[in-house]
Structure formats: C-alpha cells, structure tokens
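These notes concern the structure reproduced below.
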C-alpha cells in the first residue's frame, strides 16, 4: 500500500473557497488502476490558518506515479492554474509505503 499526501496551509479567510474548490472538482481517481481511497482532511485552526491534507491510498507507488502522469490527472487539475491561490506556499508532498496494516475487527 502507498499513501500520497499533500499538505496545504490555508489562511482562515480563504478556507471556505478552498474547501469548495476541492468539494466541487471532478477527481477521476476512481478510473485509475490501483486507486483505493481518497480523503480531504481538515485540521484545527492555528494562528489564523488551517492545515489541510489530501490523503490518497494506492495499491502501489508505481500506480500512484502512473496517476500523476495520466490524462486523468491533468484533467482533474486543469482548474488549479485558473483560480487565485488560496493556500500559502507550495503544497508539501509526502509519500509513504505502508509497512504494517491492521483492520478493525468485524462483529461475528
């Protein structure tokens, strides 16, 4: 399993617009081989800023890399350059390969 995350620091005054941009976009992730799940995470407000993280789970790192060079990726991110910048600095990418995975026990 491979987890890809991008962290965004968003000034409080841009938070609603930032969330709307993410919630209204067509991700196209479901069409990609190896895609498992996506979460857009919202952290606590600190000093007038909110930390957000996009969290995507893939079966393998190679399948994630294929997504980043795909036509579906370009289409999903097409609006990114046409909107005003809502976050501070560049998104911070972090990639992780899972070394352990524990699922919840299901009731019998």
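Residue numbers (my numbering): -6 to 101. Each residue gets a CB set at the ideal place from its N, CA and C atoms; glycine is no exception. Note that the coordinates shown come from a computational prediction; the quantities given were computed from them, not determined experimentally.
Cβ shell of residue 8 (< 7 Å), same chain only, five flanking positions each side left out | Here residue 8 refers to the residue found at position 15 of the chain shown. If we look at residue 8 and ignore the five residues flanking it on each side, its Cβ neighbours are 43.
Using CA coordinates, which residue listed in -5, -1, -6 is at the minimum distance from residue 83?
-> Taking the first residue of the chain shown as 1, we reach residue 83 at position 90. Across the set -5, -1, -6, the C-alpha of -1 shows the shortest separation from the C-alpha of residue 83.
For residue 32, write down the residues that DSSP places opposite it in a beta bridge.
-> Against the chain shown, residue 32 aligns to sequence position 39. Bridge partners of residue 32: 48.
Determine the extent of the alpha helix (DSSP H) in which residue 67 is found, giving its start and end residues.
-> For the purposes of this step, residue 67 is taken as residue 74 along the chain shown, with counting starting at 1. From DSSP, the alpha helix (DSSP H) with residue 67 extends over 64 to 69.
Starting from residue 2, trace the beta strand (DSSP E) both ways and give me its first and last residue.
-> The residue you call residue 2 lines up with position 9 of the chain shown. Following the DSSP letters along the chain, one finds residue 2 inside the beta strand (DSSP E) bounded by residues -5 to 4.
Mind the definition here: the region 21 to 31 touches the region 89 to 97 only if three or more C-beta pairs lie below 8 Å; say whether that holds.
-> no
Grab the span of the alpha helix (DSSP H) containing residue 87 for me, first residue to last.
-> Stepping through the chain shown from its first residue, residue 87 is reached at position 94. Note, residue 87: premise wrong, no alpha helix (DSSP H); beta strand (DSSP E) at 81 to 90.
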